[in-house]
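Right, one structure below, let's go through it.
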Amino acid sequence: MTSNTPTILLLGTCDTKLPELLYTKAQIESNNATVLLMDIGRHETTHEEISISQSALTNASPSSTPIPDLATLPRAEYITTLTPYATKKVAHLHKSHQIYGILGIGGSCGTALAAAVMRDALPVGFPKLLVSTMASGDVGPYIGETDISMMYSVVDIAGRNRVLEGVLDNAAGGIAGMASAFLKRQRGEREKKVDESSRVKIGISMFGVTTPGVTRARERLEEVLPGCEVYVFHATGSGGRALERLVREEQIDAVLDLTTTEIADEVVGGVLSAGAGRLTAATVRDIPRVVSIGACDMVNFGEVGSVPPVFREAGRLFHEHNPTVTLMRTTKKECADIGIFIAGNLSRNSRDKGRLTRTKVVLPVGGVSMLDVPGQTFQDTEADEALFSTLEKELEGSGISVVRDSRDINDPDFAVAVADELVKLIRGE
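All residue numbers for the sequence shown refer to UniProt numbering, where the first residue is 1 and numbers rise by one.
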């Protein structure tokens with residue numbers, strides 16, 4: 001094989017799906033790619049075309065405690081037991097540049113295991129494809145905040161037939177093309193004369209009701225920092241988790257966290273929470289960051305009928321954003337709780353180390369969203385003040401600057417101001 005031929009990792013449960021895996025392996029190879037076949041089955045399978053056996057995964061553990069026989073474990077326990085071993089191996093293959101794409105094939109158990117490995121072992125941008133019987137339903141738990149592509153198998157992966165072979169043919173061609181493009185891109189980046197490390201990569205959080213402000217801030221950053229890369233994350237829960245992940249992976253150098261609305265969902269019980277770890281990745285790394293409280297005036301639910309009775313019966317203020325999205329105004333007490341949450345996740349490092357941080361908080365007193373300005377549904381100055389004052393109180397002595405700005409979050413001048421503040425932090429001014 002030539003150096004232009006990518007190697008793809010194919011993983012699946014060889015004890016239940018070996019014929020389908022071997023067929024897929026051959027199809028990938030027919031698309032000018034080499035294949036490593038990894039067995040993640042519960043029962044050990046021996047075959048000359050298996051490159052990485054189940055026992056090779058488990059025997060590679062440095063732990064002195066032997067793992068139990070996987071074949072004797074219940075399905076759920078087998079998955080949780082084998083996943084860390086497979087993850088460690090795949091991470092090593094990636095970091096040592098031995099693979100340029102990964103394709104998984106599985107039913108419910110194989111999908112759960114393969115998806116977990118892809119999520120934890122591989123960075124965003126690395127080609128990941130998963131053919132699954134589970135791909136026609138809610139795939140959020142499998143994909144998480146990553147870029148896993150899922151393809152529905154249509155029929156069960158249990159015996160070859162025309163329909164399944166067509167799906168597997170497409171998957172083989174797809175991953176071969178993705179891996180080839182990734183390999184070419186990786187080599188191209190290494191050969192570039194321009195040092196990519198000098199380009200500042202900035203993450204910004206947005207929501208529909210903060211879009212004008214985010215758009216102007218992005219434009220300002222691109223004006224002041226020519227060549228910077230700006231990534232905008234939709235604050236839908238998965239968007240916030242993706243932002244946190246890329247910061248952890250050091251793929252983002254600075255953050256303009258204008259829209260922290262996912263925290264309102266986490267605190268109050270909405271459907272778009274990004275989890276309790278929101279804001280923590282940049283805190284741990286202490287990278288340049290400007291934080292605001294965009295859309296913290298609202299909690300998200302689905303269609304009107306999906307709102308929990310505890311809120312409907314309490315006479316809460318709602319706004320029907322569209323037929324599938326219902327927004328609920330946060331109360332004074334909830335806003336104070338949101339402020340406590342934000343302050344806690346922003347200041348943990350600064351309090352521990354007793355030093356100034358590269359984080360600044362800017363509060364748009366004129367309104368935190370399109371709906372929180374004069375004449376709009378969610379304007380509530382008392383609730384907003386509870387959020388503002390709580391943040392100021394909780395961050396006192398933390399080394400984090402908290403500034404009030406009289407404008408609303410979508411005011412173009414506010415957007416320029418917060419973008420300029422981030423630039424100052426990036427430049428160390």
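Think of the CB as a built atom: it goes at the ideal place given N, C-alpha and C, for glycine as much as any other residue.
Beta-carbon spacing of residue i, residue j below 8 Å
i, j, result
"R160", "E20", "yes"
"P6", "A179", "yes"
"T260", "I287", "no"
"M328", "F341", "no"
"F182", "P226", "no"
"Y100", "A60", "no"
"G302", "T324", "yes"
"A415", "R220", "yes"
"D138", "Q27", "no"
"T359", "V291", "yes"
"V247", "A281", "yes"
"G213", "A274", "no"
"A242", "E145", "yes"
"residue 430", "T331", "Past the boundaries of the shown model lies residue 430; the chain is included only from 1 to 429, so the question cannot be answered."
"V232", "E222", "no"
"A235", "F207", "yes"
"D69", "Q54", "no"
"A114", "G106", "yes"
Residue environment, residue i, which counts as buried when at least 16 other CB atoms sit within 10 Å
i, result
"K353", "Residue placement at K353 is flagged as unreliable, the pLDDT there being 49, under the threshold of 50; a coordinate-derived value is accordingly withheld."
"S347", "buried"
"E266", "buried"
"A76", "exposed"
"E262", "buried"
"K95", "exposed"
"Q98", "exposed"
"E394", "buried"
"E244", "buried"
"A314", "exposed"
"G367", "buried"
"K424", "exposed"
"R162", "exposed"
"K193", "Only weak support exists for where K193 lies, its pLDDT of 48 falling under 50; the coordinates are left without a value."
"F428", "Checking the sequence shown, residue 428 turns out to be Gly, not Phe. So G428 ends up on the exposed side."
"T381", "exposed"
"S398", "buried"
"G42", "Here the sequence assigns Arg to residue 42, which means Gly is not the residue at that position. Answer is buried; the Cβ neighbour count reaches 16."
Nearest-angstrom beta carbon gap, residue j and residue i [assumed within contact, 8 Å]
i, j, result
"A295", "S369", "5 Å"
"L93", "I175", "L93 to I175, Cβ: 15 Å. No contact."
"L57", "L82", "7 Å"
"Y23", "E165", "7 Å"
"E204", "L258", "Inspection of the sequence shows that residue 204 is occupied by Ile rather than by Glu. Indeed, because the Cβ distance is near 6 Å, the residues count as touching under 8 Å."
"I52", "A33", "Wrong, their Cβ atoms sit about 17 Å apart, outside the cutoff."
"V268", "L371", "No, V268 and L371 are not in contact; Cβ-Cβ is about 16 Å, not under 8 Å."
"T46", "L18", "That belief does not hold up - the Cβ atoms of T46 and L18 are roughly 10 Å apart, past 8 Å."
"R278", "G339", "So it is not a contact: roughly 14 Å between Cβ atoms."
is_contact[residue i, chain D] using C-beta, thresh 8 Å
i, result
"I338", "Included in the structure is just one protein chain, with no chain D present."
Quiz item: Hey, is the region 6-18 in contact with the region 146-154, meaning 3+ C-beta pairs nearer than 8 Å?
Solution: no
Quiz prompt | Cβ contact check for the region 244-259 and the region 128-139: 3 or more pairs under 8 Å | solution = no
Exercise. Kindly provide the ranges of any alpha helix (DSSP H) runs that are 4 or more residues long and lie completely inside the region 223-276, ordered along the chain.
Key: If we require 4 residues or more, the alpha helix (DSSP H) runs fully inside the region 223-276 come out as 238-248, 262-268.
Self-check item: Cβ contact (3+ pairs, closer than 8 Å) linking the region 384-392 and the region 358-367
Solution: Touching, yes, given that three or more Cβ pairs across the two stretches are closer than 8 Å.
Practice problem: Can you check the region 316-378 for any alpha helix (DSSP H) of at least 4 residues that lies completely inside it and give the ranges in chain order? | Solution: Complete alpha helix (DSSP H) runs here, min 4: 332-353.
Quiz prompt | Ordered list of alpha helix (DSSP H) runs contained in the region 42-120, each at least 4 residues | solution = 54-59, 75-95
Practice problem: Jot down the residue ranges of each uninterrupted alpha helix (DSSP H) in the region 123-177, minimum 4 residues, whole runs only, in chain order. | Solution: As far as the region 123-177 is concerned, its whole alpha helix (DSSP H) runs of at least 4 residues are 140-143.
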